[in-house]
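Chemist:
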Amino acid sequence: MVIGRVPWLVLLLLMLAVGLGVDHAGGLAAAGAETQPAEEAAPTEVAAVTTPALAGSIFKIELTHDEEPVDTDVLSFTEQTLNSAAWRDLGFPPPAYTTSGAGPVVNFEAVAQSDQEGTTTWKGAVLGDAIQGDMVWAKPGQEPLRYVFAGKREATLREATLYDRLGGLYGIASAIDYFVDRMYDDNTLMANDKVARTLADTPRAGVKFQFTAQFCQRAGGPQAYQGQSIAAACRGLNITQPQWDALVRRLQDTLDKFDIPAGEQAEVRAVVEGLRGDVVESAK
Ligand code: HEM
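Just so you know, we're using the working numbering here: the sequence shown kicks off at 76 and counts up by one.
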């Protein structure tokens, strides 16, 4: 087993201390830890810890049956599903999982169903890089088989930021290049004298650079925007709601032109809408 006996016991005590459900206690005991009920831990020690999400976590586990090692497996959690590499090969599609927990322990449960092979019910808990629990395989015509599993984290996949999903710096810079040109061409925006004069006096390449840096930073990219705040740059320009609506239309033209998927479009619109109060004179 990858996790040595002493840290395993420490892990177990910690899990019990933070309220790991009795549901999982069977799995823990069968995993080899002879336990005494742990003292109630002072709740203040863990109350401030946020329960972590499992999505993106990948664990290598070892399964035992009647305390005999039977198999190794890779368990990975996506946003919605729990994927078992070994059991998927046996015809169990990845099931949706639910989580519960307070503090650093995440309890999870999932039931996978296969037309031919019955159901596998996974119950487990994750604490940091350690995972453990049990899985019951129930199939018509056979006694339910109970496996105990334990293992450790192999990797955590970083969730792609909006910045990544828009194609990073080059994807965003290309879209803003197009967008800013559309702004300069927009009659409603240019009917605002202050906007028209300021844009005429400002090198367009610089405006594109600043918009790109600003948007990359807001979308989760590594760039650090270093210009003035948007409120300082744009609010003195007497921009009205109809002019803002014109900008949003130009934004929509750009999102469509670059075939940005609907989900990312909604996220981009939300980022920009969040700036309305910094731009439109009457919005605050
Ligand atoms: C109707 C909407 C908007 C109009 C007409 C507008 C117009 C302008 C103009 C004319 C400037 C040049 C200001 C100057 O050089 O003094 C400017 C600067 C800037 N705007 Fe806006 N803006 C609008 C909305 C936005 C939004 C939604 C963003 C968010 C990405 C934004 C980000 C910036 C940035 C980053 C600068 C550069 C500030 C600097 O160089 O320090 N603007 N804007």
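Here a beta-carbon is modelled for each residue, glycine too, at the ideal position from N, C-alpha and C.
In whole angstroms, give me the CA-to-CA distance for ARG221 and GLU137.
Modeler: 13 Å
Chemist: Just reading off the beta strand (DSSP E) that ARG272 is part of, what are its end residues?
Modeler: Where ARG272 is concerned, there is no enclosing beta strand (DSSP E), although the alpha helix (DSSP H) it sits in stretches over 268–276.
Chemist: In terms of alpha-carbon separation, which member of THR329, ASP146, GLY178, THR153 lies closest to GLY246?
Modeler: THR329
Chemist: Determine the DSSP secondary structure at ASN182, reduced to helix, strand or coil.
Modeler: strand
Chemist: May I have all residues whose beta carbon comes closer than 6 Å to any heavy atom of ligand 1, sorted in chain order?
Modeler: LEU264, VAL270, THR273, LEU274, THR277, GLN285, PHE286, GLN289, PHE290, GLY302, GLN303, ILE305, ALA308, CYS309, LEU312, ILE314, GLN318, TRP319, LEU322, VAL347, LEU350, VAL354
Chemist: Ordered along the chain, which non-local residues of its own chain (more than five positions away) have a Cβ less than 6 Å from that of LEU350?
Modeler: ILE305
Chemist: Along the chain, where does the alpha helix (DSSP H) that runs through ALA321 open and close?
Modeler: 316–332
Chemist: If contacts are defined as beta-carbon pairs under 8 Å, then THR314 and ALA230 qualify, I think. What distance do you get, rounded to the angstrom?
Modeler: Thr is not the amino acid found at residue 314; the sequence shown has Ile there. Going by Cβ atoms, the distance from ILE314 to ALA230 rounds to 47 Å, so no, they are not a contact pair.
Chemist: Within its chain, find whatever has a CB closer than 7 Å to the CB of ALA185; leave out the 5 residues flanking it on each side and keep chain order.
Modeler: Answer for ALA185: LEU157, PRO170, ALA171, TYR172, TRP197, listed in chain order.
Chemist: Once DSSP output is grouped into helix, strand and coil, what is the label at ILE136?
Modeler: For ILE136, the secondary structure class from DSSP, reduced to helix, strand or coil, is strand.
Chemist: Kindly indicate which residue of VAL223, GLY296, LEU202 has the alpha-carbon position closest to the one of ARG240.
Modeler: Comparing Cα positions, the closest option is GLY296.
Chemist: Nearest by alpha-carbon distance to VAL201: which of GLY243, PHE152, TRP162 is it?
Modeler: PHE152
Chemist: Within the same chain, show all residues whose beta-carbon is closer than 6 Å to that of ASP353, passing over the 5 residues directly before and after it, in chain order.
Modeler: Correct list, in chain order: ILE305, ALA306.
Chemist: Within 10 angstroms of its Cβ, does THR110 collect 16 or more other Cβ (buried), or is it exposed?
Modeler: With a pLDDT of 37 at THR110, under the threshold of 50, the modelled position of this residue cannot be trusted; read the value that follows with caution. The residue in question, THR110, is exposed, as its Cβ has fewer than 16 Cβ neighbours within 10 Å.
Chemist: Using a threshold of 8 Å, state whether the C-beta atoms of VAL160 and ASP148 are closer than that.
Modeler: According to the sequence provided, residue 160 is Ala. The question's Val does not apply to it. The criterion of a C-beta distance shorter than 8 Å is satisfied by ALA160 and ASP148.
Chemist: Sort ILE335, GLY242, PHE333 by Cα distance to CYS291 and report the nearest one.
Modeler: GLY242
Chemist: What are the start and end residues of the alpha helix (DSSP H) that includes LEU237?
Modeler: 237–240
Chemist: Using only the alpha-carbon positions, how far apart do ALA250 and PHE333 sit?
Modeler: 7 Å
Chemist: Taking only the alpha-carbon atoms, compute the straight-line gap between ALA128 and VAL181 and give it to the nearest angstrom.
Modeler: 8 Å
Chemist: Work out the CA separation of LEU237 and GLU342 for me, nearest whole Å.
Modeler: 8 Å
Chemist: With a cut-off of 8 Å on the beta carbons, I'd call GLN207 and PHE224 a contact; round off their distance for me.
Modeler: 7 Å
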